[in-house]
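**Q**
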Amino acid sequence: MSETPRLGLLLDVDGPIASPITRTVAIPSIADDLVAIANAGNPVVFNTGRSDAFIRDVVIPALVDAGLDASAPVHAICEKGGSWFSLDPAAADLTGTVQTDPRLQTPAAFGDFVRTVVAERYSDLMFFDETKLTMISVEQNVGSDDAAYREAQARFDAEALACMEQHGLTADFRIDPTIISTDIEHRDTGKDLGARRALELISARGPLPRRWYTAGDSRSDYAMADALHELGYDVEHLDVRPLDGVPATPYPVLRAADDAVIHDAATAGFLSTWRAAAR
22 MSETPRLGLL
32 LDVDGPIASP
42 ITRTVAIPSI
52 ADDLVAIANA
62 GNPVVFNTGR
72 SDAFIRDVVI
82 PALVDAGLDA
92 SAPVHAICEK
102 GGSWFSLDPA
112 AADLTGTVQT
122 DPRLQTPAAF
132 GDFVRTVVAE
142 RYSDLMFFDE
152 TKLTMISVEQ
162 NVGSDDAAYR
172 EAQARFDAEA
182 LACMEQHGLT
192 ADFRIDPTII
202 STDIEHRDTG
212 KDLGARRALE
222 LISARGPLPR
232 RWYTAGDSRS
242 DYAMADALHE
252 LGYDVEHLDV
262 RPLDGVPATP
272 YPVLRAADDA
282 VIHDAATAGF
292 LSTWRAAAR
């Protein structure tokens, strides 16, 4: 039986890992530290609303450039639990077969409606994410004005919600706005579902670590730490945007010493400590 990993990482992507401004892994030390942790045999799991395509095309190449071992325990839970894959050393791009949960699929006809609305009325500020497999996402155009996007996002969200109510979709689906996107998703998705899927992927290959660090930039990201704590794991959660409010939790919440240090800059400040603990 393989050795039990010293720790595990369960990480939101937008904000903690990828810059919400550039939508890339913009701080080199983040990739370097994640690779060192994973190459030492500790599971690194991306628990994100992003699609598998974003992880494959943006995140994994950054890790490969930093020296990622093809057999490292890296996994991706995408679309808040709607799709997932593991690193596969036999694959040309190292990404294994993507699995999806058809139970969480948004109706295709509603996706067509959203695509048309965005193209006709909002394309100057946002785009329809064609890479999503189960949810619907509309994302801010890189470089567009933030204030103008926020105003348009509010109008789009109201229009989408009205259509959902008209067609009786709100019982099973919800709208979840973020700072750079709006997700329309099944109510059973979430970072807690992502955490449970992550544990399944890791346990299929070997022992599970007892110690976990999670990271996110929104209140909904606490759900992954909640799930791990409820299952009896030792967990600490890094909030990289604490000005949104830090809830009371039964586990420690980490934050940068300066609340002005947010997003990937905040994560970079903690990863070196986690890297040392992973040896």
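Throughout the sequence shown, residue numbering follows the working numbering, covering 22 to 300 in sequence.
Just so you know, even glycine gets a beta-carbon here, dropped at the ideal spot from N, CA and C.
A quick note: this is a predicted structure, and the numbers were derived from the prediction, not measured.
Determine the extent of the beta strand (DSSP E) in which Met-147 is found, giving its start and end residues.
**A** Taking the sequence shown and counting its residues from 1, one reaches residue 147 at position 126. Run containing Met-147: 147 to 149, per the beta strand (DSSP E) assignment.
**Q** Residues in its own chain within less than 7 Å of Val-256 by CB, not counting five upstream and five downstream?
**A** Stepping through the sequence shown from its first residue, residue 256 is reached at position 235. The answer, listed in chain order, is Trp-233, Thr-235, Ala-246, Leu-249, His-250 and Tyr-272.
**Q** Tell me whether Leu-275 sits in a helix, a strand or coil according to DSSP, three-state version.
**A** Residue mapping note: residue 275 aligns to position 254 of the sequence shown, counting from 1. If DSSP states are grouped into helix, strand and coil, Leu-275 belongs with the strands.
**Q** By alpha-carbon positions, which one of Thr-203, Ala-299 and Trp-105 ends up nearest to Arg-77?
**A** Stepping through the sequence shown from its first residue, residue 77 is reached at position 56. Per the C-alpha coordinates, the member of Thr-203, Ala-299 and Trp-105 positioned closest to Arg-77 is Trp-105.
**Q** In chain order, which continuous runs of the alpha helix (DSSP H) of length 4 or greater are located wholly inside the stretch 208 to 233?
**A** 212 to 224
**Q** Do you know how far the Cα of Thr-288 is from the Cα of Ala-297?
**A** Position 276 of the sequence shown holds residue 297. Position 267 of the sequence shown holds residue 288. If you draw a straight line from the Cα of Ala-297 to the Cα of Thr-288, it is about 15 Å long.
**Q** Can you give the beta carbon distance from Pro-230 to Pro-37, rounded, assuming they're within the 8 Å contact cut?
**A** In the sequence shown, the residue the question calls residue 230 occupies position 209. In the sequence shown, the residue the question calls residue 37 occupies position 16. With a Cβ gap of about 19 Å, Pro-230 and Pro-37 do not count as contacting.
**Q** With DSSP collapsed to three states, give me the class of His-250.
**A** In the sequence shown, residue 250 corresponds to position 229, counting from 1. Of the three classes helix, strand and coil, the one that applies to His-250 here is helix, per DSSP.
**Q** In terms of residue numbering, what span does the beta strand (DSSP E) encompassing His-344 cover?
**A** This structure leaves residue 344 out entirely; the chain is present only between 22 and 300.
**Q** Assuming contact is defined by CB atoms lying nearer than 8 Å, are Val-85 and Leu-115 in contact in what I supplied?
**A** In the sequence shown, the residue the question calls residue 85 occupies position 64. In the sequence shown, the residue the question calls residue 115 occupies position 94. Yes, the Cβ-Cβ distance between Val-85 and Leu-115 is below 8 Å.
**Q** Assuming Gly-62 and Glu-24 are in contact, meaning their beta carbons sit under 8 Å apart, how far apart are those beta carbons, in whole angstroms?
**A** Residue numbering aside, residue 62 sits at position 41 when the sequence shown is read from its first letter. Residue numbering aside, residue 24 sits at position 3 when the sequence shown is read from its first letter. Correct: roughly 7 Å between the Cβ atoms.
**Q** Let me know if Asp-279 comes out buried or exposed under the rule of 16 or more other beta-carbons within 10 Å of its beta-carbon.
**A** Taking the sequence shown and counting its residues from 1, one reaches residue 279 at position 258. Its Cβ having fewer than 16 others within 10 Å, Asp-279 is exposed.
**Q** Based on the DSSP output, what are the partners of Ser-104 in its beta bridges?
**A** As a first step, residue 104 must be located in the sequence shown, where it is residue number 83. Beta-bridge partners assigned by DSSP to Ser-104: Cys-99 and Thr-121.
**Q** Can you list, in chain order, the residues of its chain with a C-beta nearer than 7 Å to that of Ile-283? Leave out the 5 residues immediately preceding and following it.
**A** Taking the first residue of the sequence shown as 1, we reach residue 283 at position 262. So the qualifying residues of the chain are Val-261 and Arg-262.
**Q** Is the separation between the beta-carbon of Val-65 and that of Val-95 shorter than 8 Å?
**A** Along the sequence shown, one-based indexing puts residue 65 at 44. Along the sequence shown, one-based indexing puts residue 95 at 74. With respect to Val-95, Val-65 sits close: the two C-beta atoms are nearer than 8 Å.
**Q** The alpha helix (DSSP H) that contains Asn-347, what's its start and end?
**A** In the structure displayed, the chain extends from 22 to 300; residue 347 sits before or after that span and is not available.
**Q** Taking the DSSP output, what are the residues bridged to Pro-198?
**A** To locate residue 198, count along the sequence shown from 1; it is residue 177. DSSP output for Pro-198 lists Thr-203 as bridge partner(s).
**Q** Once the 5 residues before and after Met-22 are set aside, which same chain residues still bring their CB inside 6 Å of it?
**A** Within the sequence shown, residue 22 is the residue found at index 1, counting from 1. Caution applies to Met-22, whose pLDDT of 42 falls short of 50 and renders its modelled position unreliable; the model cannot decide the point.
**Q** Once the 5 residues before and after Val-34 are set aside, which same chain residues still bring their CB inside 6 Å of it?
**A** Taking the first residue of the sequence shown as 1, we reach residue 34 at position 13. Here Val-34 has Phe-67, Thr-69 and Arg-71 as same chain residues with Cβ atoms under 6 Å from its own Cβ, once five neighbours each way along the sequence are excluded.
**Q** Given a cut-off of 8 Å on the beta-carbon distance, is the pair Leu-275 and Leu-259 in contact?
**A** Residue mapping note: residue 275 aligns to position 254 of the sequence shown, counting from 1. Residue mapping note: residue 259 aligns to position 238 of the sequence shown, counting from 1. Going by C-beta atoms, Leu-275 is nearer than 8 Å to Leu-259.
**Q** Would you say Glu-315 and Phe-194 are within 8 Å of each other, going by their C-beta atoms?
**A** Look at the range of the chain in this structure, 22 to 300, and you will see that residue 315 is not part of it.
**Q** With DSSP as the reference, label Ser-241 as helix, strand or coil.
**A** Position 220 of the sequence shown, counted from the start, is the residue given in the question as residue 241. Reduced to three states, the DSSP call for Ser-241 is helix.
**Q** Thinking C-alpha only, which one of Ala-244, Arg-240 and Ala-277 is nearest Val-267?
**A** By one-based count along the sequence shown, residue 267 stands at place 246. Measuring from the Cα of Val-267, the nearest candidate turns out to be Arg-240.
**Q** Tell me which same chain residues have a C-beta within less than 7 Å of the C-beta of Ala-244, skipping the five on either side of it?
**A** The residue given as residue 244 occupies position 223 in the sequence shown. Answer for Ala-244: Gly-211, Lys-212 and Asp-213, listed in chain order.
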